[in-house]
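The structure appears right after this line, and notes come after that.
Number of protein chains: 2
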Amino acid sequence: MINTLYLPELREMLNENDGAELREFCTAIHPARTAEFMEGLTAGESWQVMRHAPPWLRGQIFAFLDEEKQLEILESQDRSEIADLVGDLAADDRVDLLDDIDEEIVEELLPLMPTEERREFLRLRSYPEGSAGAVMTTEAAKLDENLTVEAALQELSRQAMELETIYYLFIVDDTDHLRGLVSARQLVSAIAKPDVKLSDLMETDLVTADVMEDQEDVARKVAKYDLLAIPVVDHEHRMLGIITHDDVIDVMREEAREDAHRIAAVEPFEASYSKTPLLLLSWKRGIWLTVLFLFALLTAAALRHYDEQLARWGWLAWFLPLVISSGGNTGSQTATLIITAMALGDVKPSDWLRVVFKELGTGLVLGGFLATIGFAAAAMMATSVRDAMVIPFTLLLVVLCGTFSGAVLPLVFRRLGLDPALMSSPFVAGIIDIVGIVIYINVAMVVLSRV
Amino acid sequence: MINTLYLPELREMLNENDGAELREFCTAIHPARTAEFMEGLTAGESWQVMRHAPPWLRGQIFAFLDEEKQLEILESQDRSEIADLVGDLAADDRVDLLDDIDEEIVEELLPLMPTEERREFLRLRSYPEGSAGAVMTTEAAKLDENLTVEAALQELSRQAMELETIYYLFIVDDTDHLRGLVSARQLVSAIAKPDVKLSDLMETDLVTADVMEDQEDVARKVAKYDLLAIPVVDHEHRMLGIITHDDVIDVMREEAREDAHRIAAVEPFEASYSKTPLLLLSWKRGIWLTVLFLFALLTAAALRHYDEQLARWGWLAWFLPLVISSGGNTGSQTATLIITAMALGDVKPSDWLRVVFKELGTGLVLGGFLATIGFAAAAMMATSVRDAMVIPFTLLLVVLCGTFSGAVLPLVFRRLGLDPALMSSPFVAGIIDIVGIVIYINVAMVVLSRV
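So the protein sequences, as listed, match chains W and A.
In this text, residue positions in the first sequence follow my numbering: the first is 1, and each later residue adds one.
In this text, residue positions in the second sequence follow my numbering: the first is 452, and each later residue adds one.
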């Protein structure tokens with residue numbers, strides 16, 4: 001749904017080249033809204049509008065455009081104006097964007113960018129994707145511990161508009177080693193004591209992120225300690241940058257989406273669903289579907305192996321989907337519960353014994369209940385009540401097998417250092433399909449042969 | 452995993468009743484760490500330690516304890532001390548906690564709490580769970596638009612330690628109507644112009660949350676506009692409170708977990724996995740498992756209906772799990788993709804036509820590919836290559852049916868105002884199981900009868 005509220009007015013202002021009105025449009029409202037109202041404009045038109053915003057605001061509006069339009073503007077507009085725009089972006093956004101455009105254009109833009117921003121870009125780009133270094137920004141308030149409250153306020157006032165956040169002041173020594181932190185809250189509280197030094201206010205027990213740390217772990221820390229921003233340090237505790245709360249929210253949304261996709265056996269992809277082309281989407285799904293399909297071929301082989309039993313007791317085939325879906329459903333339930341509990345830090349691989357017992361207990365309750373309904377249904381459909389006994393025994397065993405593998409497989413994957421979400425629900429279900437068939441036919445042979 | 456690093460020292464300090472050391476332990480480190488180091492202590496011991504912290508910090512440490520211990524402390528310790536503690540908690544945390552303890556104890560605590568906190572508690576408690584009102588806190592910096600920058604800084608300095616955040620100053624009129632917002636960043640930038648009035652600095656185009664708005668929608672707004680906090684207003688635009696970034700992160704984590712559970716057909720539950728008792732867990736899973744089981748019983752009925760065909764072409768049963776799992780897996784993939792895309796605002800019900808075409812296209816690609824492998828496998832196992840043709844035709848149709856229902860069902864649920872995540876993967880898979888069987892046997896009748 002594209003916001004078309006101001007489209008006609010915007011187009012008219014553009015046609016009449018009405019500078020005053022366009023400037024008013026860019027400055028009067030929140031940059032995210034300015035960007036939203038321009039959704040219906042082409043990249044070129046949007047850029048014509050944004051050129052009327054003051055440079056510092058231009059970067060902010062640009063940051064709220066959708067990525068496709070951002071890339072089109074970067075690739076199509078005047079190089080020197082674009083270099084200025086890129087220079088005004090937050091350091092982390094700059095790296096994300098330039099990573100996605102044509103390398104040749106980046107090479108043309110780099111010499112046009114201010115030296116400091118260029119160096120920063122080259123440094124940030126060197127961190128691997130998904131690491132703290134790749135999401136951090138370098139625009140943090142760094143101050144000397146010998147500053148007084150008054151001097152710090154003035155220094156901050158000077159820099160306030162350029163920094164990503166002024167709400168945490170990081171105290172560093174001459175060589176950028178992180179010594180402590182003073183929150184703007186503490187600083188403001190101390191206004192009445194202007195001569196107090198920052199070293200007397202600062203907290204020294206800090207939560208930090210290592211520059212190579214996984215972004216998901218960093219997000220968890222920020223959430224746990226309710227931080228506004230987390231400082232990123234190297235192995236010598238030198239401060240390299242910060243990751244702010246809004247980036248943490250983005251990381252968490254992205255990771256939640258990826259986990260959900262993995263759980264449904266879809267290989268994660270970068271762009272949104274609606275912007276990912278059909279063939280790429282088919283590939284991301286096809287890889288896992290094929291693996292699952294090959295698994296399922298084993299069920300065909302297993303059933304062929306039991307051909308004699310299936311021919312003898314034809315009604316067994318009726319309950320085949322029921323048996324395997326019961327196992328599969330309980331298995332995916334358990335797998336999802338354990339995967340999300342591990343993602344939130346609630347369950348750890350060392351808890352495996354407790355988890356397995358709990359799941360076997362749950363399996364007994366659920367399996368017992370399904371076995372009862374299953375028996376009633378089978379008794380009505382099968383040739384005799386005695387024959388129908390195959391179904392409840394099978395269901396109980398298959399459900400137990402589902403809760404057991406749903407619990408153990410993600411734990412094992414985590415223990416092996418793999419993403420437990422790889423042990424996706426369809427995967428667990430696929431394994432149980434085969435095991436379920438083997439259980440089913442063997443129970444049938446035991447029960448029915450005695451008749 | 453419980454942090455046992457300081458346990459022996461803590462126990463020793465407690466035994467010796469070493470006030471100075473215990474106070475040092477409570478004040479020297481981040482309250483979240485203090486809470487973490489006390490994980491191995493009982494509720495009573497933890498409270499003995501925390502009593503040595505100054506009251507304002509006591510509330511903060513308490514807020515980081517795990518919920519079980521919090522509740523035990525509230526229920527077991529001296530009522531008047533607890534009333535003070537509860538008075539010091541953030542207003543939103545207070546409501547969450549008192550909601551979970553014995554109503555009788557709440558009645559005893561209420562008269563002991565300061566009047567203002569008591570009234571606030573009673574007011575906040577009246578908002579329905581999941582609404583903005585229920586997560587907001589009332590401790591925001593509210594200022595008059597006629598204040599100067601200097602006066603505002605002083606006012607803020609006075610209140611800084613009591614407010615949940617001082618980083619946004621909300622400008623309200625005499626009757627609390629929200630007029631505008633000045634960020635602490637703007638205020639600090641204007642330090643050099645101390646006589647400027649807030650009305651000249653404030654932004655008036657504000658993003659707000661309605662007090663009855665769903666917490667998930669509010670979280671999405673905060674994420675979209677990169678806010679530190681969002682003001683919560685009533686229908687007359689009177690400011691009632693704020694929701695801060697850390698609460699937004701908690702809401703998002705909680706919602707992501709609930710969505711993942713719904714997708715796996717587990718009814719959401721409040722406590723963590725490891726703290727939810729086995730029987731409650733079985734109930735939350737059993738409800739949906741039973742629904743799915745009744746669905747699966749329909750597959751048994753369908754297969755019984757086709758008993759003649761199954762007896763005539765016995766090998767059809769071999770490929771039954773393969774056929775239905777292929778449909779189920781593509782169906783869950785699509786359902787998850789559409790549900791997560793809707794949760795992120797990428798896909799809306801009005802996009803249904805585009806989504807359906809994309810999914811039918813993907814279904815053709817994936818179905819075509821699986822049909823090819825399936826044909827090869829069936830040709831080796833079935834009685835003749837001509838018989839084997841049943842499998843590829845069925846697979847193509849079933850996969851198309853999977854992508855189609857996976858796309859349409861969540862969209863329809865959303866359109867009906869229901870949670871699309873209710874159209875869980877096992878549910879979609881269950882529907883496809885039945886449709887898949889009907890397709891399979893009918894394709895078989897067409898292909899095989901012509902032989």
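All C-beta atoms, glycine included, are put in the ideal place defined by N, C-alpha and C.
Give the range of the alpha helix (DSSP H) segment to which G495 of chain A is assigned.
-> A494 to M501
Quick one: what does DSSP say F770 of chain A is sitting in, helix, strand or coil?
-> helix
Taking V399 of chain W and G328 of chain W to be in contact with their CB atoms under 8 Å, please state how far apart those CB atoms are, rounded to whole angstroms.
-> Rounded, the Cβ-Cβ distance is 10 Å, inconsistent with contact.
Within-8 Å CB hit, H237 of chain W to chain A = no
On the premise that D433 of chain W lies in contact with S876 of chain A, defined as a C-beta separation below 8 Å, what is that separation, rounded to the nearest angstrom?
-> With 8 Å as the limit, S876 of chain A and D433 of chain W do not qualify as a contact, their Cβ atoms being about 15 Å apart.
Quick one: what does DSSP say G210 of chain W is sitting in, helix, strand or coil?
-> Before going further, note that residue 210 of chain W is Asp rather than Gly in the sequence given. DSSP places D210 of chain W in strand when its eight states are reduced to three.
Segment limits, alpha helix (DSSP H) that includes R94 of chain W = A91 to D100
Along chain W, which residues have their Cβ under 7 Å away from the Cβ of S640 of chain A?
-> S157, A160 and M161
Between the stretch 811 to 844 of chain A and chain W, which residues of the former have CB atoms less than 7 Å from a CB of the latter, in chain order?
-> G812, T813, V816, L817, F820, L821, I824, A828 and M832
Within the same chain, show all residues whose beta-carbon is closer than 6 Å to that of Y127 of chain W, passing over the 5 residues directly before and after it, in chain order.
-> G133 and A134
Would you say V669 of chain A reaches chain C, if we count a Cβ-Cβ gap shorter than 8 Å as a contact?
-> Of the protein chains in this structure, namely W and A, none is chain C.
List the endpoints of the continuous beta strand (DSSP E) containing R179 of chain W.
-> L178 to S183
Listed by chain order, chain A residues near D433 of chain W by CB distance under 8 Å | P772 and S776
Whole-angstrom C-beta distance between L322 of chain W and A751 of chain A, which should lie under 8 Å = 5 Å
Burial state of A388 of chain W, where buried means 16 or more other Cβ atoms lie within 10 Å = buried
Which partner residues does F621 of chain A have in the DSSP bridge list?
-> A:K593 and A:L632
Can you tell which of W:L156, W:F319 and W:R262 has the C-alpha that lies nearest to the C-alpha of F170 of chain W?
-> W:L156
G538 of chain A lies in the alpha helix (DSSP H); which residues open and close that run?
-> R530 to D539
Closest residue to L846 of chain A among A:G765, A:A504, A:G887 and A:P459 (Cα-Cα distance) | A:G887
Using a Cβ-Cβ cut-off of 6 Å (strictly less than) and excluding sequence neighbours within five positions of V182 of chain W, which residues of its own chain qualify?
-> L169, L198, L201 and M202
Among A:M793, A:H503 and A:Q637, which has the Cα closest to the Cα of P871 of chain A?
-> A:M793
Straight-line CA distance for G403 of chain A to R253 of chain W?
-> Any question about residue 403 of chain A goes unanswered here, given that chain A covers just 452 to 902.
Along the alpha helix (DSSP H) that carries A829 of chain A, what are the first and last residues, could you check?
-> W803 to M832
Whole-Å CB distance - T52 of chain W paired with G19 of chain W, under 8 Å assumed | Note on identity: in this sequence residue 52 of chain W is His, with Thr being the wrong assignment. Indeed they touch by this definition, with Cβ atoms about 6 Å apart.
Counting only the same chain and skipping the five closest in sequence on each side, list residues whose C-beta sits under 8 Å from that of E75 of chain W.
-> I101, D102 and I105
Within the 8 Å Cβ cut-off, does M452 of chain A reach chain W?
-> Confidence in M452 of chain A is poor, its pLDDT being 41 and thus under 50, which makes the residue's placement too unreliable to answer from.
Y6 of chain W versus A674 of chain A - alpha carbon distance = 24 Å
Near A753 of chain A, what residues of its chain come up, given a Cβ to Cβ distance below 7 Å and the 5 sequence neighbours on each side ignored?
-> I885, I888 and V889
Only counting runs of 3 or more residues, tell me where the beta strand (DSSP E) segments fall wholly within the stretch 198 to 252 of chain W, in order along the chain.
-> 229 to 233 and 239 to 244
8 Å Cβ shell around V95 of chain W - same chain, five flanking residues per side excluded | F121, L124, R125 and A134
Compare the C-beta of L461 of chain A against all C-beta atoms of chain W and say whether one is closer than 8 Å.
-> no
What does a CB cutoff of less than 6 Å around F720 of chain A pick up in its chain, not counting 5 residues either side in sequence?
-> T727 and K735
Per-residue burial, W288 of chain W [other beta carbons within 10 Å of its own, 16 or more giving buried] | buried
Does the separation of the CB atoms of D697 of chain A and D226 of chain W fall below 8 Å?
-> yes
Could you spell out the range, first to last residue, of the alpha helix (DSSP H) harbouring N893 of chain A?
-> S876 to S900
Report the three-state DSSP secondary structure of S725 of chain A (helix, strand or coil).
-> helix
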